[in-house]
Amino acid sequence: MSLVAVIIIIERYRTYSHESIDLREFSREFGTMIAEARTALDAGKAEEAEQLYQQARDYCAREGQPDKNGDLPAKGCVAEVFRRAIDNRHRGPATLRNMLNNHIDLAILPQLRAFLRTLTAIGKGAPMVGLLGTVLGMMRAFGSIAAAGSGVNPKDLAGDIGLALGTTFLGLFVAIPVVFATAFFRAKVERFEIDLDRYSEYCLDLLFSDQPPTIMPETLEQTE
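All residue numbers for the sequence shown refer to our numbering, where the first residue is 6 and numbers rise by one.
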């Protein structure tokens with residue numbers, strides 16, 4: 006159980022780790038490409054604009070590659086949102102906003118929350134396993150007392166009581182860091198969910214607003 010928890014914690018930490026500067030640089034480059042495409046479109050250069058949109062899409066596809074474990078890093082999640090926005094930009098802002106929100110809720114967030122239920126189960130189950138060992142140890146201790154009668158030797162009880170306390174310690178030793186790690190990871194997911202919504206709105210403004218944004222959204226990682 007403890008080995009599984011350690012593996013999951015390491016895997017989730019690597020998945021949630023990202024550099025905000027890298028994410029902002031990616032978004033800045035994407036915004037420049039979309040601005041150039043809209044400028045060409047406003048100038049009546051539809052073919053050139055389409056090529057620029059395609060370049061922006063290809064840029065998102067390159068930057069949004071999953072890691073070797075098949076997980077999308079933070080930049081990859083945002084890149085996937087941007088890519089889908091370009092592919093479906095002809096549907097209009099309202100429809101596209103719903104599509105992006107659905108994709109975030111149904112595809113990206115479940116991936117970010119992967120294994121958190123398992124960690125929660127380990128955090129709740131480890132103390133119960135320790136308690137089970139405690140009960141068994143105490144049962145053995147009382148059994149020794151009953152068998153020895155009035156001439157019970159404290160040394161005979163020490164092993165059983167030590168087993169009872171040892172299993173309790175091991176259960177808490179596993180559960181306490183797992184509980185804190187789970188809370189930390191859930192907070193990371195909640196913060197990044199807000200970041201995804203911000204970047205989604207930023208992308209919609211780039212594509213449809215009469216005055217495209219000149220300032221990118223601040224991630225919560227930067228404002229803390």
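Every residue gets a Cβ at the ideal spot worked out from N, C-alpha and C, and that includes glycine.
Item, Value
"What residues in its chain sit with their C-beta under 8 Å from that of Met104, if we drop five residues either side in the sequence?", "Arg89, Asn93 and Arg96"
"Check whether the region 163–181 touches the region 135–146, taking contact to mean three or more Cβ pairs, one atom from each stretch, closer than 8 Å.", "yes"
"Nearest CA to the CA of Ile17: which residue from Asp215, Arg191 and Asp200?", "In the sequence under discussion, the amino acid at residue 17 is Arg, which differs from the Ile named in the question. It is Arg191 whose Cα lies nearest to the Cα of Arg17."
"Use the C-beta contact count for Ile13: other C-beta atoms within 10 angstroms, 16 or more gives buried, fewer gives exposed.", "buried"
"Which residue from Leu121, Arg118, Arg29 and Tyr58 puts its Cα closest to that of Arg203?", "Arg29"
"Just list the alpha helix (DSSP H) runs in the region 47–129, keeping only unbroken ones of 4 residues or longer that don't cross its boundaries, in chain order.", "51–68, 79–92, 98–108 and 114–117"
"Tell me whether Asp215 sits in a helix, a strand or coil according to DSSP, three-state version.", "coil"
"Would Met38 and Ala54 qualify as a contact pair, given that the criterion is a beta-carbon distance under 8 Å?", "no"
"Among Cys208, Asp215, Met6 and Phe213, whose alpha-carbon lies nearest the alpha-carbon of Ser32?", "Cys208"
"How would you label Leu8, buried or exposed, when you count the other beta carbons within 10 angstroms and need 16 or more for buried?", "exposed"
"Do Glu68 and Ile113 have their CB atoms nearer than 8 Å?", "no"
"Comparing C-alpha positions only, which one of Glu52, Ala51 and Cys82 sits nearest to Cys65?", "Cys82"
"What is the rounded straight-line gap between the Cα of Glu232 and the Cα of Leu57?", "It is not possible to answer for residue 232, since the shown part of the chain is limited to 6 through 229."
"How should Thr100 be labelled, buried or exposed, when 16 other C-beta atoms within 10 angstroms of its C-beta is the threshold for buried?", "exposed"
"When you compare each of Ala79, Gly36 and Thr44 to Arg19 by their alpha carbons, which one comes out closest?", "Ala79"
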